Amino acid sequence: MVNLALETRNNKEKIPLIWLETCGCSGNIISLMDADDPDIVYFLREMVDLTYNNSLMAAEGEAAYEKFLNTLDKEFILVIEGAISIKDEGLYNVIARYKDRLITGMEAALKAGEKAKYVISMGTCASYGGISAAAPNPSQCISVNEHLNKKTILLPGCPGHPDWVIGTIGHLIAFGIPELDEEGRPIIFYGITIHDNCTRRSYFDERVFASKLGEKECMFRLGCRGPITKADCPIIRWNDTDNWPIGVNTPCIGCTQRGFPDGMEPFVRY
Ligand code: SF4
Numbered sequence: 053m054v055n056l057a058l059e060t061r062n063n064k065e066k067i068p069l070i071w072l073e074t075c076g077c078s079g080n081i082i083s084l085m086d087a088d089d090p091d092i093v094y095f096l097r098e099m100v101d102l103t104y105n106n107s108l109m110a111a112e113g114e115a116a117y118e119k120f121l122n123t124l125d126k127e128f129i130l131v132i133e134g135a136i137s138i139k140d141e142g143l144y145n146v147i148a149r150y151k152d153r154l155i156t157g158m159e160a161a162l163k164a165g166e167k168a169k170y171v172i173s174m175g176t177c178a179s180y181g182g183i184s185a186a187a188p189n190p191s192q193c194i195s196v197n198e199h200l201n202k203k204t205i206l207l208p209g210c211p212g213h214p215d216w217v218i219g220t221i222g223h224l225i226a227f228g229i230p231e232l233d234e235e236g237r238p239i240i241f242y243g244i245t246i247h248d249n250c251t252r253r254s255y256f257d258e259r260v261f262a263s264k265l266g267e268k269e270c271m272f273r274l275g276c277r278g279p280i281t282k283a284d285c286p287i288i289r290w291n292d293t294d295n296w297p298i299g300v301n302t303p304c305i306g307c308t309q310r311g312f313p314d315g316m317e318p319f320v321r322y
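Taking our numbering, the leading residue of the sequence shown gets 53, the next gets one more, and so forth.
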């Protein structure tokens with residue numbers, strides 16, 4: 053990925069980062085750990101001061117939540133992954149117990165979202181509700197934007213690619229907010245469709261289609277959502293390999309788009 057202009061930050065204090073995991077599968081923080089260039093070690097050593105994240109931090113219990121509270125007095129970046137469950141005052145998603153009180157994701161997101169310099173909605177659940185808000189949505193999940201009632205930077209994906217969040221945070225540190233599309237997604241990562249750069253595009257153009265999974269031709273007739281899905285997966289690929297979903301014979305299921313998953317089903321058609 054692009055070498056971030058970090059030399060501009062010589063000897064400056066790193067900006068604190070709160071990475072809040074609300075109602076989701078925590079797939080985005082796992083995805084971050086798979087970052088390769090730069091990797092998570094570089095990200096944590098050189099770019100941000102990760103003060104709070106329940107998967108990666110050493111502190112536990114009330115001491116951990118106090119790190120969250122202490123960060124609120126500084127200038128910081130907030131990343132939220134997961135949707136916000138609002139049913140029963142948010143009690144379906146409790147992130148901490150502090151002074152005998154349950155702290156919900158709903159409360160923590162609001163508390164930090166009001167004060168953060170930048171807010172990033174990481175992954176499709178945070179960006180649009182995603183799988184957490186899929187029908188029948190038993191915990192009444194909503195997106196971060198709906199909950200905070202303000203526009204955040206959206207990095208949808210199920211999960212989001214680590215380059216998308218490290219690249220966006222690098223841009224925030226060095227230059228401020230990157231150019232966004234009408235949804236609030238950085239154009240550098242979401243400016244093109246999967247279809248635009250698909251390795252099977254020549255088959256599509258020749259109208260040569262696969263009839264079942266495992267065939268090498270275009271999967272449009274199997275339900276591929278590449279033509280309507282914006283992300284640079286065919287270029288950046290995943291897990292420090294040359295692979296990506298279509299490369300391993302699965303149609304694009306449109307996970308970076310608003311409406312995923314309900315609006316994208318069935319994922320495969322015969
Ligand atoms: S496999 Fe999907 S993204 Fe690739 S060319 Fe066919 S329809 Fe487009």
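Every residue gets a Cβ at the ideal spot worked out from N, C-alpha and C, and that includes glycine.
Values in this document were obtained by computation on a predicted structure and should not be read as measured data.
Mind checking whether the beta-carbon of residue i lies closer than 7 Å to any heavy atom of ligand 3?
i	result
I246	In terms of ligand content, the structure shown lacks ligand 3 and carries ligand 1 instead.
Determine the contact status of residue i and residue j, defining contact as a CB-CB distance below 8 Å.
i	j	result
P323	S83	In the structure displayed, the chain extends from 53 to 322; residue 323 sits before or after that span and is not available.
H199	M158	yes
I244	C304	no
I81	S107	yes
G134	G76	yes
Verify the contact flag: residue i, CB atom, against every heavy atom of ligand 1, threshold strictly below 7 Å.
i	result
P214	no
P279	yes
M326	This structure cannot speak to residue 326, because the chain is shown only from 53 to 322.
F319	no
R253	yes
P303	yes
F323	Only positions 53 to 322 of the chain appear in this structure, which leaves residue 323 out of reach.
I287	no
Please name the residue, chosen from the options, that lies closest to residue i on a Cα-to-Cα basis.
i	options	result
E258	I147, E98, F272	F272
T176	S137, G209, I229	G209
K264	F319, K66, Y242, I92	F319
V171	V131, W290, E317, R149	V131
N295	C75, D140, C250	C250
Whole angstroms are fine: how far does the CA of residue j sit from the CA of residue i?
i	j	result
I70	G165	10 Å
D42	D86	Residue numbering for the chain in the displayed model covers 53 to 322; residue 42 lies beyond these limits and cannot be assessed.
R289	R153	43 Å
I67	L207	20 Å
Would residue i be called buried (16 or more neighbouring beta carbons within 10 Å of its own) or exposed?
i	result
N62	With a pLDDT of 46 at N62, under the threshold of 50, the modelled position of that residue is not reliable, and the figure given next carries that caveat. The residue is exposed, with fewer than 16 neighbouring Cβ atoms inside 10 Å.
A160	buried
P286	buried
I138	buried
V300	exposed
F312	buried
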